[in-house]
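Working notes, structure below.
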Amino acid sequence: MQLLTLMARRFVAGESAEAAVSAIKRLNKRRISTTLDYLGEECHTLAQAAEATREIRRLFKLIADNGLDSNVSVKATQLGLNLDPSRARENVLSILEEAAKYRNFVRIDMEGSPYTQMTLDLFHDVFRTRDNVGIVIQSYLRRSKADIEGLLAVGGRVRLCKGAYKEPVTIAFVKKEEVNDSYDQLTRMLLNSGLRHAIATHDDVRIENAIRYAAKKGIPKDRLEFQMLYGLRSKRWSELVAQGYRVRIYVPYGTHWFPYFYRRLRERKENMMFVLRNLFS
Ligand code: FDA
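Laid out in structure tokens, this is it:
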């Protein structure tokens with residue numbers, strides 16, 4: 484706990500779901516919604532996947548009992564996709580069934596490229612019988628336009644992010660401008676679809692481009708949902724809410740925080756500086 488407190492506290496709401504509840508209550512008071520994430524990925528055994536499934540299933544009652552405005556995000560490899568796709572499917576379906584009892588929604592995060600197709604297949608498979616589920620698409624992948632076309636064709640709801648994993652140039656844009664251009668193009672596709680998707684970025688230019696495009700097309704403000712990560716740009720969240728937009732914050736908790744924390748440090752040197760200042764102060 485001490486290490487977590489010192490190093491990751493800015494990005495992780497606590498070690499338990501109960502600890503995350505107080506962070507969520509504070510956000511909800513500011514009219515900010517959340518998506519709760521039990522940290523974990525690439526499980527080593529199916530028993531671990533079953534444990535994660537049990538923990539995630541219990542979140543929907545916790546959210547309802549505390550009157551929280553929150554849905555839940557999951558990673559498919561936390562639920563066994565890397566070991567046994569059919570077991571992962573059963574785990575996801577059991578989570579969606581529990582979520583449905585509480586009229587809640589589950590977002591399947593997107594992981595590194597070895598899992599892109601498997602995660603999309605899993606999504607399309609479970610979406611046939613359960614509509615309380617959405618998926619994440621990464622603008623740095625060259626395939627994402629085609630993936631979004633496939634998702635829009637079935638009415639899938641997308642969270643668009645830039646992508647947080649290290650990917651080879653053969654499959655991913657590596658120049659920032661290319662990733663950003665792709666982001667803006669994919670945002671326009673999503674906004675044109677008539678469904679509510681999520682624009683997940685801390686990048687003001689991407690946010691402003693989305694806002695301008697929606698205004699030009701007469702898309703109502705409540706069809707845009709901006710999403711950001713817990714600990715990053717807290718003032719900006721409230722500014723967007725004050726402008727009439729929906730804002731949802733990704734709130735991770737748990738003890739398996741290192742891979743998530745490491746991705747945050749790698750993508751922005753200011754995040755690293757913040758942690759170092761905390762360590763030495
Ligand atoms: P980027 O890191 O390129 O930053 C662009 C600009 O934003 C900066 O130049 C700066 O101007 C501004 N900015 C960024 N951080 C700031 C800060 N702290 N303060 C001030 N300005 C700042 N990834 C993934 O691969 N799979 C997933 O499922 C998800 N899920 C996900 C959910 C949500 C809600 C979010 C917000 C993000 C993800 N991600 C993700 C992570 C995502 O792919 C990406 O790694 C990070 O969001 C960082 O990229 P940005 O879009 O913020 O832009």
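Each residue of the sequence shown is one higher than the one before, starting from 484 at the first, in the working numbering.
By construction, the Cβ of each residue, glycine as well, lies at the ideal position given by its N, Cα and C atoms.
- Between I578 and N587, what straight-line distance do the alpha-carbon atoms span, to the nearest angstrom? 10 Å
- Message: Any heavy atom of the ligand FDA closer than 7 Å to the beta-carbon of A535?
- Response: no
- Message: Extract the residue ranges of the beta strand (DSSP E) inside the region 576 to 647, only unbroken runs of 3 or more that lie entirely within it.
- Response: 589 to 591, 616 to 621, 640 to 644
- Task: Rank K649, K508, H680, V495 by C-alpha distance to the C-alpha of N549 and give the top, closest one.
- Result: Measuring from the Cα of N549, the nearest candidate turns out to be K508.
- Segment limits, beta strand (DSSP E) that includes F709: 707 to 712
- Tell me where the beta strand (DSSP E) around N554 begins and ends. 553 to 557
- Item | Simplified DSSP assignment, three categories, for T653 | coil
- State the DSSP-derived secondary structure class of L566, mapped to helix, strand or coil. coil
- Item | N574, buried or exposed, once every other Cβ within 10 Å from all chains shown has been counted against 16 | Around the beta-carbon of N574, 16 or more other beta-carbon atoms lie within 10 Å, marking it buried.
- Message: Which complete alpha helix (DSSP H) runs does the region 668 to 712 hold, if anything under 4 residues is left out?
- Response: 687 to 700
- Item | beta-carbon K544 near the ligand FDA non-hydrogen atom, thresh 7 Å | no
- Message: Please identify the residue among R513, A535, L529, A500 whose C-alpha is closest to the C-alpha of K544.
- Response: A500
- Below 6 Å CB to CB, which residues in the same chain sit around V555 once its five sequence neighbours on both sides are set aside? Only L519, L542, V589 meet the Cβ criterion.
- At a cut-off of 7 Å, is R514 close to the ligand FDA when judged by its beta-carbon and the heavy atoms of the ligand? no
- Message: Looking only at its chain, what residues have a beta carbon closer than 6 Å to the beta carbon of I546, apart from the 5 residues adjacent to it on each side?
- Response: S553
- Is the beta carbon of I591 less than 8 Å from the beta carbon of V637? Cβ atoms of I591 and V637: not closer than 8 Å.
- Query: In whole angstroms, what separates the C-alpha of K704 from that of L529?
  - Reply: Counting only the Cα atoms, L529 lies some 43 Å from K704.
- Enclosing beta strand (DSSP E) for R731 [first to last residue]: For R731, the enclosing beta strand (DSSP E) stretches over residues 729 to 736.
- Item | Nearest candidate by alpha-carbon position, reference L566, set A629, Q531, Q621, E632 | For L566, the nearest C-alpha among the options comes from Q531.
- Over what stretch of residues does the beta strand (DSSP E) that includes L519 continue unbroken? L519 -> beta strand (DSSP E) spans 516 to 521.
- Check whether L674 and A697 have beta carbons under 8 Å apart: yes
- Less than 7 Å between the CB of R751 and some heavy atom of the ligand FDA, yes or no? yes
- Message: Taking the alpha helix (DSSP H) that K658 belongs to, which residues open and close that run?
- Response: Where K658 is concerned, there is no enclosing alpha helix (DSSP H), given that its DSSP letter is neither H nor E.
- Quick one: measure Cβ to Cβ for R689 and Y666, integer angstroms, because I've assumed they're closer than 8 Å. The C-beta separation of R689 from Y666 comes to about 5 Å, placing the pair in contact by the 8 Å criterion.
- Query: Cβ atoms of G497 and A491: under 8 Å apart, would you say?
  - Reply: no
- Message: I want to check one thing, is the minimum distance from the CB of A647 to the heavy atoms of the ligand FDA below 7 Å?
- Response: Yes.
- Task: Sort G639, I732, H680 by Cα distance to L551 and report the nearest one.
- Result: I732
- Query: Any heavy atom of the ligand FDA closer than 7 Å to the CB of T602?
  - Reply: Closer than 7 Å to some heavy atom of the ligand FDA: that does not describe the Cβ of T602.
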